[in-house]
Amino acid sequence: MSEFECSNLLSFWPALNKSQIIAEMRSRIHDPFQVNQGGQPFCGPAAVTFALLTRRPLRYVEICRRLWETGSFRTQSRRSISPSMTLRQSKGNLRMPQVDWMVLSALRESENLIFPIEANAPEIVRNVSGMTKSWEIAGWAREILGGRDVKSHYAYFSGDIPALRAADEALKAGGFAFALITAEGMLQNKPPLIPYPSHWVALLGNVAIDEGSDRKGDRSRVSFDVYTWGRKMRVDIPKNSFENYFWVAITGR
5 MSEFECSNLL
15 SFWPALNKSQ
25 IIAEMRSRIH
35 DPFQVNQGGQ
45 PFCGPAAVTF
55 ALLTRRPLRY
65 VEICRRLWET
75 GSFRTQSRRS
85 ISPSMTLRQS
95 KGNLRMPQVD
105 WMVLSALRES
115 ENLIFPIEAN
125 APEIVRNVSG
135 MTKSWEIAGW
145 AREILGGRDV
155 KSHYAYFSGD
165 IPALRAADEA
175 LKAGGFAFAL
185 ITAEGMLQNK
195 PPLIPYPSHW
205 VALLGNVAID
215 EGSDRKGDRS
225 RVSFDVYTWG
235 RKMRVDIPKN
245 SFENYFWVAI
255 TGR
């Protein structure tokens, strides 16, 4: 960090402020929960960046410095992630902290073939361009986190509890886990008429599956901790609701 702070190299992100970038980096190294997607649909990149900070903080510093000083960085397989000039010149209301914009937008744009990342585009455009697919999370788990034994546990029609248990096992073994959920129903107490996958979170563990005496899930409950939206949240919902709102778990070590 001190070397980066003292470096006189010009920035590839002219609209961002280095002093603010450094301060925000320090706060995230001290407390990874500071990573925040803000008003942008970058839940997938945010979850992966949170995991990177908890597992490999020096790698996080390296990525930030490379992006700032060279405009790109290389992944585990030596693939170059090189944000476009348009993205690097973004200014105005970024809707999120500067360092998070630099890192998260770079990750998101690296997977987009059609839709550009624009900080102030209409909401529908930002939501479409910000969608993160399960194979992208798995790819970042390998390429950004350096993860091994990365697996996808799909629960679109069944397998919700086994997927959560697989995530819990990975976490207890020192690994990581991400989940695709219906945030409106699981986190915001706004159940949609038709559940749909809408949000990525980093799973933190503390899993409890209380089957109770009702195997149908009417009185059984499922609870666990997640990182999302810049904080730790506790999920505690009926088992049948969990099965409606849990779609995919990505695990690795």
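By the count of the numbering used here, the sequence shown reaches residue 257 at its end, each step adding exactly one. Backbone N, C-alpha and C fix where the C-beta goes; we use that ideal spot for every residue, glycine too. What you are looking at is a predicted structure, and each value in this text was computed from that prediction instead of being measured.
Asked, Found
"When the Cα of L111 is compared with those of T255, I165 and P45, which residue comes out closest?", "P45"
"Would you decide whether D164 is buried or exposed? Buried here means 16 or more other CB atoms lie within 10 Å of its CB.", "buried"
"What's the gap between the Cα of H34 and the Cα of V103?", "15 Å"
"Compare the beta carbon distance of P142 and V129 with 8 Å and say whether it is the shorter of the two.", "According to the sequence as given, residue 142 is Ala; it is not Pro. Not closer than 8 Å, so no."
"For E115, which of W144, G96 and D240 has the nearest alpha-carbon?", "W144"
"I need the boundaries of the beta strand (DSSP E) containing I254, first residue and last residue.", "F250 to G256"
"Curious, which full-length alpha helix (DSSP H) runs of at least 4 residues does the stretch 154-179 contain?", "164-176"
"I think I148 touches T79, with their Cβ atoms under 8 Å apart; what is that distance to the nearest whole Å?", "6 Å"
"Within 8 Å, do at least three Cβ pairs link the stretch 199-208 to the stretch 245-255?", "yes"
"Let me know if R238 comes out buried or exposed under the rule of 16 or more other beta-carbons within 10 Å of its beta-carbon.", "exposed"
"Which residue marks the beginning of the alpha helix (DSSP H) containing I241, and which one marks its end?", "Looking at the DSSP string, I241 is not in any alpha helix (DSSP H); the run it does join, the beta strand (DSSP E), is R235 to P242."
"Would you mind working out which of S76, Q41, L62 and R82 sits nearest L91, comparing C-alpha positions?", "S76"
"May I have the straight-line CA-CA distance separating W17 from S94, to the nearest angstrom?", "8 Å"
"Which of the three DSSP states is assigned to C10 in this structure?", "helix"
"Would you kindly report the start and end of the unbroken beta strand (DSSP E) that includes T232?", "R225 to T232"
"Does DSSP put M210 in a helix, in a strand, or in coil?", "First, the amino acid is wrong: residue 210 is Asn here, not Met. Three-state result, N210: strand."
"Look at the Cβ atom of G179, then the Cβ atom of R60, and state whether they are nearer than 8 Å.", "no"
"Taking the alpha helix (DSSP H) that F54 falls in, what are its first and last residues?", "C47 to R59"
"Where do the N-terminal and C-terminal ends of the alpha helix (DSSP H) with T90 fall, by residue?", "M89 to R92"
"Please report how far the alpha carbon of P201 lies from the alpha carbon of I26, in whole angstroms.", "35 Å"
"If Y64 and L71 are in contact, beta carbons under 8 Å, what's the gap, nearest whole angstrom?", "About 11 Å separates the two Cβ atoms, so there is no contact after all."
"Which value, in whole angstroms, describes the spacing of the CA atoms of L62 and E9?", "15 Å"
"With which residues is V205 paired in a DSSP beta bridge?", "A183"
"Does Y160 pass the burial test, meaning 16 or more other C-beta atoms within 10 Å, or should it be called exposed?", "exposed"
"Find the nearest neighbour of R99 within the set S11, G43, M5 and I121, judged by alpha-carbon distance.", "G43"
"Is P195 close to chain C, meaning its C-beta is less than 8 Å from at least one C-beta of that chain?", "The structure shown contains no chain C; it is built from a single protein chain."
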